[in-house]
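Protein chains: 2
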Amino acid sequence: MTTTSPTVDVPANDAVSGDSVTARLERARVASRALATANGDVKNAALEALAVGVVAASERVLAANTTDLENGRTAGLADGLLDRLRLDDSRIAGLASAVREIAALTDPIGQTLRGSKLPNGVKIDQVRVPFGVVGAIYEARPNVTIDIAALALKSGNAVALRGGTAAENTNRVLIAVIRDALTSVGLPADAVQTVDDFGRAGATELMQARGLVDVLVPRGSASLIQAVVTESRVPVIETGAGVVHIYLDETARTDWATEIVHNAKVQRPSVCNAVETVLVHRAAAERLLPSVLSRLAASGVTIHADEAVAGLYPDVVAATEDDWATEYMSLDIAVRVVDGLDDALDHIRRYSTGHTESIVTEDVAASERFLAEVDSAVVMVNASTRFTDGGEFGFGAEVGISTQKLHARGPMGVSELTSTKWIVRGTGQVRG
Amino acid sequence: MTTTSPTVDVPANDAVSGDSVTARLERARVASRALATANGDVKNAALEALAVGVVAASERVLAANTTDLENGRTAGLADGLLDRLRLDDSRIAGLASAVREIAALTDPIGQTLRGSKLPNGVKIDQVRVPFGVVGAIYEARPNVTIDIAALALKSGNAVALRGGTAAENTNRVLIAVIRDALTSVGLPADAVQTVDDFGRAGATELMQARGLVDVLVPRGSASLIQAVVTESRVPVIETGAGVVHIYLDETARTDWATEIVHNAKVQRPSVCNAVETVLVHRAAAERLLPSVLSRLAASGVTIHADEAVAGLYPDVVAATEDDWATEYMSLDIAVRVVDGLDDALDHIRRYSTGHTESIVTEDVAASERFLAEVDSAVVMVNASTRFTDGGEFGFGAEVGISTQKLHARGPMGVSELTSTKWIVRGTGQVRG
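So this is what it looks like as structure tokens:
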């Protein structure tokens, strides 16, 4: 024993002396009250201040981002991850413009969803209110920090962010910019909190903070999402992977089939709404496949196909059982001949992750059955699966795409960050 | 070793040879497809068959219920629990009439909640769809079996029920009646499953059945709900306890304050929407308390009060810190003098369980602040808290009263047992 031993243990990952995750979440909870009752004008002024502020802070943001990128390269991060981590002037301008799009949306708070007057004269109204404190756990994409903070602010929520170690320097600067924007319009900076400096323990505490955090949104890899779903005691909205299907029905137009499949696969293969499997009606396979597949091949797509496809279009690799369940996120596609709509529905029920499926058809009965019977967040007829996107749906940006059925399903915008409450107005009524 | 030993272990609680919880949930999942696409007429015919069937089966139901009551008495069940377990002809008629009320509701399935046409001509619509398979874990109340099955059927869901050992005989007969009603109109009996015969293991498997069960609703004691929230991997909608407050503001009318508090406490003290704490503005305490408290005392209510109250109305017991956090569910009430609205809001923030709070006031500014700032599922002005109820709100019956913010908040009817999906209709559009 030496006289210099500290008498109190200080956790090594508690970077802010005397602070704790719980203390920050409690400050977020207090700040959430000011956000919940803030007028739309004030929230929009904060968003405009953020759009201006993030561009004004470009130099600081990019310096921090360079540090993160250097650390990432040293740590051997894959090129794709480094690309998602990287900011530049144009991407920063993109962040500002996303924030302005969110500001331009209708304020969801205070909207009346249902209302009625009971026989005894009591008036009941269900109105939109913020959740309170929204938690987000995501991987090294600095744009998610700005998107989620802006969506939370627009919907009157405080937010607690855990953004991934690889982006920690960039996120630290971005969060300071967001907090300054809040302060500049008289809203509490504490409405935006990070737990990044607590490392993995910060994420764990966030997941255990039932009562302090109202909802937690994990956004990132399947393994991240699974870990949060399994560990969290806070209610979770699951955003998920997409094994996305397009079914080419007997009556599908060749040109639509060709362009929709090509767009859905090639326009951006690394995202969750890209198509992974094409099913084609046996009676139309000979007509459709040469056009559909040669268009894909010309863009460098590898075709994983069953024997029936290979008989009609030989330049393929043989598909295995694994192919039907794979989210490639690359220029690969699985193609299978089916006996018709029922067979296609069976295949989709078995392999779909419930994200997006599309049918190409001229037959209204087939299209209506497909729309009714496919149990996915988004079901389409004669359109590219790439349209499953908050921006495309007019939401400004998205918190993520929910593949679960509770609370939110499909692209999540500001409305999906709200709860409701019932307002009951009486004149002395009691229950008989 | 003897030659008569069984060669295969059969779990003692697996009453159906070769069956399993998973097998039943998979059959429910298959059956859910027929429910999801069933027309409203067919679902209503099944509900009418159930209403007729439960009355026709009275003799069988009451015989089974007698067995449960005898077992309950032997096991030393409290009188209150025995009362909730007991059925008689009049209660069976009540079950039938609740089922008919549910049949009379508008079918929520297929309703369009939002829709728009994108600039490129793609049409998007958000429509209500069933969850698929709804799980419920509840305690020994046979009426919940009928209520939840009927609400699930109306909303196009299959259901998996775990109803508490004390009611197992009654529930077995009721579930047979429900399954017969489905079959009688051509719907699959497998849409209603019980896991009661698997005992506690059945509940555990239900909570682990992520992917087979879409949402789980626990209904019962605080400890049951906490256990489900903690253990379940299936998304849970928490129904909760009510530490319910009424705040009597400076301008509260004496007659309204007196009758609202009395009704909220005395009409049915054992339920979650009964008031537990009354807060009274200091400037109105002398005017209001004698009337409010003597009316309560005349109905046998014990008043747990702070010193300021005791100074004005001496016939009280001294309140302790515990009283402010207690859901009495009995003829007890806690009463406190506060300095005004801010003080009342602070108290409510600290002790409320977020169920229902009501203000009695003539002051519109105070009422609007209370409605805006109290963060509870239901917030009222000048009305009894006993109105927080699915039946009172016009929902026919209720699955429970949600005190969480995700998906459903307040009384849960058929709409709260639905999810949504996006229907996208194009004419060959691809993303640019």
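Going down the list, the sequences are from chains B and G.
Mapping to this note's numbering: the first sequence position 215 is 215, numbers consecutive.
Mapping to this note's numbering: the second sequence position 265 is 697, numbers consecutive.
In this text, a Cβ means the ideal position worked out from N, Cα and C, and glycines have one as well.
Computed from a predicted structure; not experimentally measured.
Just the chain B side, please: which residues come within less than 7 Å of residue i by C-beta, in chain order?
i, result
"F819/G", "V122, V424, R431"
"W688/G", "G428"
"N695/G", "V430, R431"
Which chain G residues sit within Cβ distance under 9 Å of residue i?
i, result
"E373/B", "R465, A468, T469"
"T66/B", "Within chain G, no residue comes near T66/B; the closest Cβ sits about 33 Å away, beyond 9 Å."
"L118/B", "F819, E824, F825, G826"
"T230/B", "R665"
What residue range is occupied by the uninterrupted alpha helix (DSSP H) comprising residue i?
i, result
"H347/B", "341–351"
"G526/G", "521–535"
"K475/G", "472–488"
"D107/B", "Unbroken run through D107/B: none, as it is neither H nor E."
"L517/G", "511–517"
"S655/G", "654–663"
"P290/B", "282–298"
"M761/G", "No alpha helix (DSSP H) holds M761/G; DSSP gives it neither H nor E."
"Q836/G", "No alpha helix (DSSP H) contains Q836/G, which DSSP labels as neither H nor E."
Classify residue i as buried or exposed, calling it buried when 16 or more other Cβ atoms lie within 10 Å of its own Cβ.
i, result
"G300/B", "exposed"
"V317/B", "exposed"
"A470/B", "Outside the displayed span of chain B (1 to 432) sits residue 470/B, for which this structure offers no information."
"Q861/G", "buried"
"E238/B", "buried"
"G126/B", "First, the residue type needs correcting, since residue 126/B is Gln and not Gly in the sequence shown. So Q126/B ends up on the buried side."
"E392/B", "buried"
"P443/G", "For P443/G, the pLDDT reaches just 35, beneath the cut-off of 50, and the residue's location in the model is therefore unreliable, although a value from the coordinates is still provided. Exposed, by the Cβ-count rule."
"N471/G", "exposed"
"E357/B", "buried"
"R431/B", "buried"
"T7/B", "With a pLDDT of 31 at T7/B, under the threshold of 50, the modelled position of that residue is not reliable, and the figure given next carries that caveat. Exposed is the call here."
"G618/G", "exposed"
"K265/B", "buried"
Taking Cβ-Cβ distances shorter than 8 Å, what residues in chain G pair up with residue i?
i, result
"T361/B", "By Cβ distance, chain G contributes nothing, its closest Cβ being about 11 Å from T361/B, past 8 Å."
"V215/B", "K837, L838"
On the DSSP letters alone, give me the boundaries of the beta strand (DSSP E) that residue i sits inside.
i, result
"A592/G", "590–594"
"D448/B", "Because residue 448/B is not part of the residues shown, which for chain B are 1 to 432, the question remains open."
"N574/G", "Checking the displayed sequence, the identity of residue 574/G turns out to be Pro instead of Asn. Per DSSP, P574/G belongs to no beta strand (DSSP E); it is in the alpha helix (DSSP H), 574–586."
"N382/B", "378–383"
"N851/G", "The displayed chain sequence assigns Ser, not Asn, to residue 851/G. Residues 850–861."
"I678/G", "676–680"
Mind reading off the beta-carbon distance from residue i to residue j? Whole number of angstroms is fine, and I expect it under 8 Å.
i, j, result
"L182/B", "A191/B", "6 Å"
"A829/G", "D579/G", "5 Å"
"A136/B", "V159/B", "7 Å"
"A203/B", "A222/B", "So it is not a contact: roughly 17 Å between Cβ atoms."
"L838/G", "V30/B", "L838/G to V30/B, Cβ: 22 Å. No contact."
"G832/G", "R651/G", "5 Å"
"L593/G", "Q640/G", "Not really, about 16 Å apart at Cβ, beyond 8 Å."
Show which residues of chain G have a CB atom less than 7 Å away from the CB atom of residue i.
i, result
"A377/B", "K853, W854"
"M380/B", "V856, G858"
"S384/B", "Q861, V862, R863"
"Q267/B", "R863"
In chain B, which residues lie with their C-beta within 9 Å of the C-beta of residue i?
i, result
"I692/G", "G426, G428, Q429, V430"
"G842/G", "Q126, T420, K421, W422"
Anything in chain B within Cβ reach of residue i, meaning under 8 Å, just list it in chain order.
i, result
"G564/G", "D375, K405"
Are at least three pairs of beta-carbons, each pair with one atom in the region 239–255 of chain B and one in the region 666–680 of chain G, less than 8 Å apart? No contact exists between the region 239–255 of chain B and the region 666–680 of chain G.
Are the region 840–857 of chain G and the region 557–574 of chain G touching by the rule of at least three beta carbon pairs closer than 8 Å? These segments touch.
Quick check: the region 595–604 of chain G against the region 406–415 of chain B, are at least 3 beta-carbon pairs closer than 8 Å? Touching, no, given that fewer than three Cβ pairs across the two stretches are closer than 8 Å.
Using 8 Å as the threshold, is the region 224–238 of chain B in touch with the region 294–314 of chain B, meaning 3 or more CB pairs across them? No, the region 224–238 of chain B is not in contact with the region 294–314 of chain B.
So, does the region 255–269 of chain B touch the region 384–397 of chain B, judging by three or more C-beta pairs under 8 Å? The answer is yes - the region 384–397 of chain B touches the region 255–269 of chain B, with three or more Cβ pairs under 8 Å.
Given 8 Å, three or more beta-carbon pairs between the region 102–110 of chain B and the region 36–52 of chain B: By the C-beta criterion, the region 102–110 of chain B is judged to be in contact with the region 36–52 of chain B, since at least 3 inter-stretch pairs fall below 8 Å.
When you compare the region 60–79 of chain B with the region 193–202 of chain B, are there three or more beta-carbon pairs, one atom per stretch, that lie closer than 8 Å? No, because fewer than three Cβ pairs between the region 60–79 of chain B and the region 193–202 of chain B fall closer than 8 Å, the two stretches do not touch.
Would you be able to state if there are at least three C-beta pairs under 8 Å between the region 765–775 of chain G and the region 705–714 of chain G? Under the three-pair Cβ rule at 8 Å, the region 705–714 of chain G counts as touching the region 765–775 of chain G.
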